[in-house]
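Chemist: Numbering (the numbering used here), first residue to last: 97 to 369. The beta-carbon is built from N, C-alpha and C at its ideal position, and this holds for glycine as well. Quantities reported herein were computed from a predicted structural model and do not represent experimental measurements. Shown below is the structure under consideration.
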């Protein structure tokens, strides 16, 4: 029996096209930032409290201290602390993480220390670093390392352990040695998850940088925050906070750019796009 659409002289009913919202093609991030800025401005005016000024007041204060050279003069030292601390965290985290992920004895020996230091509040080690290294750049870098390194270690070890065993067995069947298996099979397969840990690490490194500058050596952006807090200048504190957030977003963006380049062979569906 022929259906109604198949009878001669009858037209096939048109399928209703789903109407797409005009907001669908607008970028989500700028819309979210605009909404957040508008909410900040509105709440700041409605609340009318000194500790939460409107966004316009904060931006005006940021422009003033930038023109005075306060921000640029402090930002350079903070970026050096961040770069050195994160570089140490990255190298040590990858080496220790790969060793823990590949060799069970290394994981058994170091795992308890890594997990203990990961869960411990990193800032409690600030007095120890101050006593050993003094109130200088070394103490701040040590705090950055404490914040960032262990999350990289854990993610790297988990990434290495999650590599499918049949890939390793196949490489062995073709005569690959331990070094070749590690460099040509396990690391490439684990790279997406490793880079996820690096992204987490760079965010924690920024937190360690500002905390170390505030509580150990009053220098850099931490010095500006401490002075503004002592004067109860909420607008300046929030202005510096915007700079710190911009530094964090820039660092994460740089890591994401490296991630896209080194893992460009990963399918987009795996990336979550």
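Just reading off the alpha helix (DSSP H) that residue 248 is part of, what are its end residues?
Modeler: Looking at the DSSP string, the run of the alpha helix (DSSP H) that includes residue 248 is 233-257.
Chemist: Can you name the start and end residues of the alpha helix (DSSP H) that residue 268 belongs to?
Modeler: Where residue 268 is concerned, the enclosing alpha helix (DSSP H) stretches over 261-269.
Chemist: Quick check: residue 222 and residue 312, are their CB atoms within less than 8 Å of each other?
Modeler: Yes. Within cutoff.
Chemist: Less than 8 Å between C-beta atoms, sequence neighbours within five positions excluded: which residues of the same chain meet that for residue 213?
Modeler: These residues qualify, in order along the chain: 242, 246.
Chemist: Determine the DSSP secondary structure at residue 357, reduced to helix, strand or coil.
Modeler: The answer is helix: DSSP assigns residue 357 an H, G or I state.
Chemist: If you reduce the DSSP assignment to three classes, tell me which class residue 329 lands in.
Modeler: Residue 329 falls in the coil class under three-state DSSP.
Chemist: What does a CB cutoff of less than 8 Å around residue 358 pick up in its chain, not counting 5 residues either side in sequence?
Modeler: Counting only Cβ-Cβ distances below 8 Å, and skipping sequence neighbours, we find 287, 291.
Chemist: Could you tell me which whole alpha helix (DSSP H) segments of length 4 or greater appear in the segment 207-236?
Modeler: DSSP runs (the alpha helix (DSSP H)) wholly in the segment 207-236: 222-229.
Chemist: Determine the direct distance from the alpha carbon of residue 168 to that of residue 332, and round the result to whole angstroms.
Modeler: So the two alpha carbons sit approximately 14 Å from each other.
Chemist: Does residue 129 pass the burial test, meaning 16 or more other C-beta atoms within 10 Å, or should it be called exposed?
Modeler: Residue 129 is exposed by the Cβ-count criterion.
Chemist: I'd like to know whether the C-beta atoms of residue 349 and residue 173 end up nearer to each other than 8 Å.
Modeler: No, Cβ-Cβ distance for residue 349 and residue 173 is not below 8 Å.
Chemist: Please look up how many angstroms separate the CB atoms of residue 310 and residue 304, rounded, as I've assumed it's under 8 Å.
Modeler: So it is not a contact: roughly 11 Å between Cβ atoms.
Chemist: Which parts of the segment 281-332 are runs of the alpha helix (DSSP H), unbroken and 4 residues or longer, counting only runs that do not cross its ends?
Modeler: The segment 281-332 contains these whole alpha helix (DSSP H) runs: 283-311, 316-326.
Chemist: Could you say which of 314, 140, 187, 155 lies nearest to residue 339 if we only look at CA atoms?
Modeler: Of the candidates 314, 140, 187, 155, the one whose C-alpha sits nearest the C-alpha of residue 339 is 155.
Chemist: Please state whether the Cβ-Cβ distance between residue 346 and residue 240 is less than 8 Å.
Modeler: Cβ atoms of residue 346 and residue 240: not closer than 8 Å.
Chemist: Determine the DSSP secondary structure at residue 144, reduced to helix, strand or coil.
Modeler: Note: residue 144 maps to coil in three-state DSSP.
Chemist: Using the Cα positions of residue 283 and residue 163, report the straight-line distance between them to the nearest angstrom.
Modeler: The straight-line gap from Cα to Cα measures roughly 47 Å.
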